[in-house]
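Chains as they are written, first to last, in the working numbering: chain X, 34 to 211; chain U, 16 to 225.
For every residue, glycine included, the Cβ atom is placed at its ideal position computed from N, Cα and C.
Computed from a predicted model, the values in this text were never measured in an experiment.
Encoded as structure tokens, the structure appears first; notes follow it.
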């Protein structure tokens with residue numbers, strides 16, 4: 034499959050600096066969007082973006098183009114770094130202001146990408162979930178919400194949230210494997 | 016219905032990819048990713064399964080960080096960089112330490128200041144003679160069951176552990192870290208990273224600028 038981002042990552046693994054610059058041009062806007070959404074402030078997102086691209090260069094050798102698309106790998110690395118930052122914050126700063134600032138996790142992606150097979154699949158599978166549970170899964174993924182934040186947001190006990198989410202995820206998996 | 020046993024692992028992998036776990040559970044999952052191929056495959060499976068949601072992240076204008084990244088990853092000092100290659104480390108340490116001692120008798124050089132504002136922790140890294148010195152200027156050591164581990168990362172290379180940061184300032188024989196190298200502190204289980212690479216979140220990092 035044609036995947037120019039994957040090609041650039043593979044060239045980075047071979048220490049190709051021009052490919053690294055091209056990769057920055059191709060992917061920094063998307064990764065900045067991920068970081069801004071999860072971390073909330075531009076200054077922290079910019080700081081994280083530098084860290085993310087440093088890791089991209091250092092870890093490019095671990096990318097395996099046979100296992101997935103380049104952009105998926107970059108976003109996974111970016112989300113992991115952003116969520117590590119969130120979880121390392123002291124609990125007191127994970128306050129309500131963060132919740133208030135969250136954009137609504139509406140099902141935009143699924144609707145917009147209905148033409149693409151994979152996305153149509155996940156959209157259909159999200160439809161099999163109760164709507165608040167689908168929203169919890171989306172909110173967790175897109176905004177990096179913790180179980181604690183999700184429980185407060187949906188006003189249910191933490192263990193209930195955990196049970197909800199685990200069941201929803203397994204149901205999603207089952208649906209997508211059909 | 017009793018779920019098949021692998022469902023627990025698969026749900027955990029999904030929780031990790033979603034990002035909902037708290038720090039200790041997250042660290043435990045990351046450790047399993049590195050040591051259990053089957054669990055790593057489950058995580059990769061969920062990354063692929065949920066990837067269509069990535070389309071919901073809008074693009075945002077990114078600053079041009081290339082100059083900073085290139086300065087960090089590709090410093091312009093090939094000769095000096097070669098001196099500090101890991102293989103020639105010992106000889107280089109002797110040569111450089113000797114030069115420093117000869118020309119400037121044991122000055123204390125500031126190497127980097129590592130700051131984590133969220134936790135209110137600051138470590139100062141200095142170099143004197145042949146010794147690297149690390150002291151905590153502000154904040155507390157890692158909470159019980161965890162430890163701060165100091166790493167040095169050569170441009171284009173993998174992190175190397177310099178040791179664990181406890182209550183006492185750390186001193187160790189080590190050459191002056193060159194410009195462009197990165198120092199970082201990660202949170203690790205007691206005893207330090209079990210893998211030789213950082214496993215916990217990076218609490219702070221700084222690039223040596225002079």
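As computed with DSSP, residue 166/U is found in a beta bridge with 176/U, 199/U. The Cβ of residue 72/U sits closer than 7 Å to at least one Cβ of chain X. For residue 221/U, the enclosing beta strand (DSSP E) covers residues 217 to 222. The C-beta of residue 62/U comes closer than 7 Å to at least one C-beta of chain X. The DSSP-derived three-state label of residue 145/U is coil. Judged by their CB atoms, residue 182/U and residue 156/U are nearer to each other than the 7 Å cut-off. Apart from sequence neighbours up to five positions away, the residues of its chain that approach residue 53/X with a beta-carbon distance below 7 Å are 45, 90, ordered along the chain.
When DSSP states are grouped into helix, strand and coil, residue 196/X belongs to the helix group. The C-alpha of residue 64/U is placed about 8 Å away from the C-alpha of residue 206/X. Apart from sequence neighbours up to five positions away, the residues of its chain that approach residue 208/U with a beta-carbon distance below 8 Å are 164, 176, 201, 214, 215, ordered along the chain.
Comparing alpha carbon positions, the residue from 70/U, 56/U, 154/U closest to residue 67/X is 70/U. Between residue 123/U and residue 153/U, the C-beta gap is not smaller than 7 Å, which leaves the two residues out of contact. For the options 86/X, 166/X, 192/X, 116/X, the alpha carbon positioned closest to that of residue 79/U is the one of 86/X.
Between the C-alpha atoms of residue 193/X and residue 49/X there is a straight-line separation of about 49 Å.
Membership of residue 40/X in any beta strand (DSSP E) is not indicated; the residue belongs instead to the alpha helix (DSSP H) covering 37 to 46.
Distance from the CA atom of residue 86/U to the CA atom of residue 217/U, rounded to whole angstroms, is 21 Å. Between the segment 196 to 204 of chain X and the segment 37 to 48 of chain U, the count of Cβ pairs shorter than 8 Å is below three; the stretches do not touch.
With a beta-carbon spacing of about 7 Å, residue 34/U and residue 112/X fall inside the 8 Å limit used to define contacts. In the three-state DSSP reduction, residue 80/U falls in the coil class, being neither helix nor strand.
DSSP lists no beta-bridge partner residue for residue 42/U. By the rule that beta-carbons nearer than 7 Å mark a contact, residue 44/X does not touch chain U. Straight-line spacing of the CA atoms in residue 151/U and residue 138/U works out to 4 Å. The three-state reading of DSSP puts residue 212/U in coil, since its state is none of H, G, I, E or B. Per DSSP, reduced to three states, the secondary structure at residue 125/U is strand.
Around residue 62/X, the beta-carbon contacts reaching into chain U at under 8 Å are 74, 75, 76, 77. In the DSSP assignment, residue 186/U falls within the unbroken beta strand (DSSP E) covering 185 to 188. Between residue 84/X and residue 114/X the beta-carbon gap is near 6 Å, inside 8 Å, which marks them as a contact. Using a Cβ-Cβ cut-off of 7 Å, residue 81/U is close to 54, 57 of chain X, given in chain order.
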